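One structure below.
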Amino acid sequence: MPRPTCPVCARPLRRDFFLREPPWVARALLGKLLVRREPGKWLAGRIVETEAYLGQDDPAAHAAAGRTPRNAVLYGPPGHAYVYLIYGNHFCLNVSCLPEGVAGCVLFRALEPIAGMAEMAHSRKLNQQQLWGQRVCLLTSGPGRLTQALAITRQRDNGKDLLAAHSDLLLLDDGFHPQRISVTPRIGITKAAERPLRYLIADNPFVSKR
DNA sequence: TTATAGATTGCCT
DNA sequence: GGCAATCTATAAT
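One rule links them: number in our numbering = place in the first sequence (from 1) + 1.
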C-alpha cells in the first residue's frame, strides 16, 4: 500500500509536466498527491486511478464538439482544474493538459486517503463507524466521491490553477513512485469505449470498481 | 421551447 | 442486478 515517502519535501508539480499528451500525464499522475487546504484543515489523497481524455479526435471527450463556455478550461493553459456536473448529482475533477489553445485533460477517478479522513467522512456523510473496514473505500473511490470528499465544486474550483503554491487545491509530488501500473478501457462511457486510456495502480484497494 | 443523454452514486429487490 | 435522483449542455421541435 502506498505511503508518503517524504511528506516534508512534497512540492507542486511543474508546469511542463502538463504540456504533454493526456495519456502520458494520466500515467505520470499516479502516485502524486491531491491536496485541499482550508483553515485548520489539511485534506490529502494519493492519486491511484486516472483517465485520459483527448481533443476533437476523441468522441468521449467534452472537447469533441469544439470549444464552448462549459469546456473553455480545456483550451486554456495546462495545470488548471476543469470541474463539471454529471448526472445532475456529482462533480468530476479534471486537470488541463497541452499548451493553451489545444484541448486535453485527465480525469481523477480515485484517491487513497492520506490526511483529513474524518473531514472527508463528514463531507461524504459517512459516520465514523463506516470509516473502518472495507467501507473506507467509500470515501474517495470514484470520481464523484473524491470531489465530494474534498468539497470540490464547479462554482468554487473550476479554472483554478492546481500548481500555484498558494492555492487551496493543488497537486504535489512527494517522491512516491507506484510499483506496478495497469491500463484498461475507460469506464462509464459509450463512445470510444474500447480505447485503453484508464490508468491505475495495480492491486491498490482504492481503485474504483469495474 | 421542449426533449434527451450523460466521464455517477446509492438504495432497492 | 435494476433503477431513481437531479441538473444542464446540446439537439430537436
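In this text, a Cβ means the ideal position worked out from N, Cα and C, and glycines have one as well. In this text the structure is predicted, and so the values were computed from the model without any measurement.
Return the chain-ordered list of same chain residues with a C-beta closer than 8 Å to the C-beta of residue i, the five sequence neighbours on each side being excluded.
i: ILE182; result: ARG28, LEU31, TYR200, LEU201, ILE202 and ALA203
i: ARG15; result: LEU164
i: GLY102; result: TYR76
Taking only the alpha-carbon atoms, compute the straight-line gap between residue i and residue j and give it to the nearest angstrom.
i: VAL49; j: LEU35; result: 11 Å
i: LYS33; j: ALA66; result: 31 Å
i: LEU44; j: MET118; result: 7 Å
i: PHE207; j: GLU113; result: 6 Å
i: PRO100; j: GLY77; result: 8 Å
i: ASP58; j: TRP133; result: 43 Å
i: LEU164; j: GLU195; result: 32 Å
i: SER124; j: PRO13; result: 25 Å
i: THR191; j: GLY89; result: 18 Å
i: PRO24; j: THR185; result: 12 Å
i: ASP17; j: GLU39; result: 27 Å
i: ARG146; j: GLN129; result: 17 Å
i: ALA193; j: GLY41; result: 43 Å
i: VAL137; j: PRO179; result: 21 Å
i: PHE19; j: ASN205; result: 24 Å
i: ILE115; j: MET121; result: 11 Å
i: ARG110; j: THR141; result: 8 Å
i: SER168; j: ASP162; result: 7 Å
i: GLY46; j: ILE87; result: 22 Å
Give me the Cβ distance between residue i and residue j, rounded to the nearest whole Å; I'm assuming they're in contact under 8 Å.
i: TYR54; j: ARG155; result: With a Cβ gap of about 17 Å, TYR54 and ARG155 do not count as contacting.
i: PHE92; j: ILE153; result: 6 Å
i: PRO70; j: SER97; result: Not confirmed; about 15 Å, so no contact.
i: LEU171; j: ASP158; result: Contact doesn't hold; Cβ gap of about 11 Å is too wide.
i: LEU151; j: LEU139; result: Their Cβ separation, rounded to whole angstroms, is 14 Å, which puts LEU151 and LEU139 out of contact at 8 Å.
Sorted by chain position, which residues of the same chain lie with C-beta nearer than 7 Å to residue i's C-beta, five sequence neighbours on each side aside?
i: CYS10; result: ASP175 and GLY176
i: LEU108; result: THR51, GLU52, TYR54, CYS93, ASN95 and PRO144
i: GLY160; result: VAL74, HIS81 and ALA82
i: CYS106; result: PRO23, TYR54, LEU75, TYR83, ASN95, VAL96, SER97 and CYS98
i: PRO197; result: VAL184, THR185 and PRO186
i: ALA166; result: PRO13
i: ALA61; result: TYR54, ARG187, ILE190, LYS192 and ALA193
i: ARG37; result: LEU44, LEU151, ALA152, ASP169 and LEU170
Ordered along the chain, which non-local residues of its own chain (more than five positions away) have a Cβ less than 6 Å from that of residue i?
i: ALA104; result: GLY56, ALA64, LEU75 and TYR76
i: LYS210; result: none
i: GLN149; result: SER124 and ARG125
i: ASN72; result: HIS63 and ALA64
### Task
Please go through the region 132-210 and give each complete beta strand (DSSP E) segment of 3 or more residues, from N-terminal end onward.
Complete beta strand (DSSP E) runs here, min 3: 170-174, 182-185 and 199-202.
### Whole runs of the beta strand (DSSP E) within the region 28-93, excluding any shorter than 3 residues
Listed in chain order, they are 34-39, 42-54 and 82-87.
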